[in-house]
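Counting in the numbering used here, the sequence shown runs from 182 upward without gaps.
Okay, structure first, notes after.
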Amino acid sequence: MMITFEGIEGAGKTTQIKLLEKFLKKRGYNFVILREPGGTIVSEKIREILLDHTLDIENETELFLFLASRSELVKKVIRPALREKKIVICDRFVDSTIAYQSYGRGIPERLIKTLNNFVIKDIKIRRTYLLDYDPKNYGIRFNNKTKDRIENNDLDFHKRVREGFLKIADQNKKRFLILNAFEPVETIHKKIIDDLLKIL
Ligand code: TMP
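Structure below.
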């Protein structure tokens, strides 16, 4: 079963995934935690290129790099893990490409959906946790951190990405649970656990 976490930067996905990891370990579940872009040797190399703030990358190139990273991860890690009946938890997946590369960069959504489907084929995401907050508070979440190439985009970009995520969630109500990223970490964790236990 595949579970994904989505949201704009600084929403606390990583913190929530770490708490979930602890919980699943304690309960003895068979699971794997992955992140996109990344998770294989090639995908981690692609990640370095994608996030390097010294590089100027064209939007189309960026899209294909995310998809290339995903192709590796799907074939080498996700598909085998699902075959072994593991719970696959992924920090970002196909929805990030629609939110960032379509809503953020302006590449047609239909094209991205087609390419996403070409890469993931029959893989179905069972549940997606969207950690949401208004990016006008973006600065607060990022004080003093050196921003990577994508975090470096202006506020309007992050607003469009957030709107994108909310629209995708609205179109896939059964799959998504939207969580307010400004709620206390433990409160959000409990909501995720309560929800997940219904499907595990
Ligand atoms: P993060 O996982 O540390 O948040 O960094 C990944 C960055 O890549 C983040 O800015 C979101 C962005 N991204 C896309 O633009 N498209 C994608 O398809 C994925 C998976 C991530």
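All C-beta atoms, glycine included, are put in the ideal place defined by N, C-alpha and C.
Which same chain residues end up closer than 7 Å to residue 344 when comparing Cβ atoms and leaving out the 5 residues on each side of it in sequence?
284
Looking at the structure shown, is residue 216 part of a helix, part of a strand, or coil, going by DSSP?
strand
Whose C-alpha, out of 244, 280 and 272, is nearest the C-alpha of residue 347?
280
In three-state DSSP terms, what is residue 187?
strand
Candidates 379, 233, 208 and 294, of which the one nearest residue 274 by Cα:
294
Are the beta-carbon atoms belonging to residue 372 and residue 381 less than 9 Å from one another?
no
Using only Cβ atoms and a threshold of 5 Å, which residues come within that distance of a heavy atom of the ligand TMP? Order them by chain position.
217, 247, 273, 277, 278, 281 and 331
Assign residue 222 to one of two classes, buried (16 or more other C-beta atoms within 10 Å of its C-beta) or exposed (fewer than that).
exposed
My parser needs the beta strand (DSSP E) runs of 3 or more residues fully inside the region 321-376; what are they?
357-361
Which residue marks the beginning of the alpha helix (DSSP H) containing residue 276, and which one marks its end?
275-278
To the nearest angstrom, how far is the alpha carbon of residue 183 from that of residue 237?
33 Å
Through-space distance from residue 203 to residue 209, alpha-carbon basis
10 Å
Determine whether the beta carbon atoms of residue 246 and residue 259 lie at a separation below 9 Å.
no
Whole-angstrom Cβ separation of residue 329 and residue 232, contact assumed at under 8 Å?
4 Å
Assign residue 380 to one of three DSSP states: helix, strand, or coil.
coil
Helix, strand or coil at residue 281 according to DSSP, with G and I counted as helix
helix
Exposure of residue 147, with buried meaning 16 or more beta-carbon neighbours within 10 Å
The displayed coordinates of the chain run from 182 to 381. Any statement about residue 147 would go beyond what the structure contains.
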